[in-house]
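**Student:** One structure, as structure tokens, below. Some questions next.
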Amino acid sequence: MPRKLPDPDYWQRQAFDFTAFRPLPTAMDEPCQHIRVDKALDILIGDKLR
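Quick note on numbering: the sequence shown equals residues 1 to 50 in UniProt numbering.
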């Protein structure tokens, strides 16, 4: 655990890869696209289910 938070510019310099979970815009009569909730659950609690 770091002793202090990184400087604000640290967050801009790093190449973080955040998965977007928000559904993409679709027409009213089309189904929602997959937003990778399975990947989020695997990262968060996957080790508890193995």
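All residues carry an ideal CB built from backbone N, CA and C; glycine is no exception.
Let me know the secondary structure DSSP gives Ala40 once reduced to three states.
**Tutor:** As a position in the sequence shown, residue 40 is number 40, starting the count at 1. Ala40: helix per DSSP, three-state reduction.
**Student:** For the putative contact between Lys39 and Thr19, defined by C-beta atoms under 8 Å, what is the C-beta separation to the nearest angstrom?
**Tutor:** In the sequence shown, the residue the question calls residue 39 occupies position 39. In the sequence shown, the residue the question calls residue 19 occupies position 19. Going by Cβ atoms, the distance from Lys39 to Thr19 rounds to 6 Å, so yes, they are a contact pair.
**Student:** Does the distance from the C-beta atom of Gln33 to that of Leu24 stay below 7 Å?
**Tutor:** On the sequence shown, residue 33 is found 33 positions in, with the first residue counted as 1. On the sequence shown, residue 24 is found 24 positions in, with the first residue counted as 1. Yes, the pair counts as a contact, with Cβ atoms nearer than the cut-off.
**Student:** Give the straight-line distance between the Cα atoms of Pro8 and Asp29, rounded to the nearest whole angstrom.
**Tutor:** If you number the sequence shown from 1, residue 8 lands on position 8. If you number the sequence shown from 1, residue 29 lands on position 29. Going by the C-alpha atoms only, they are around 43 Å apart.
**Student:** Determine, using beta carbons only, whether Ile35 and Phe16 come nearer to each other than 7 Å.
**Tutor:** To locate residue 35, count along the sequence shown from 1; it is residue 35. To locate residue 16, count along the sequence shown from 1; it is residue 16. Not closer than 7 Å, so no.
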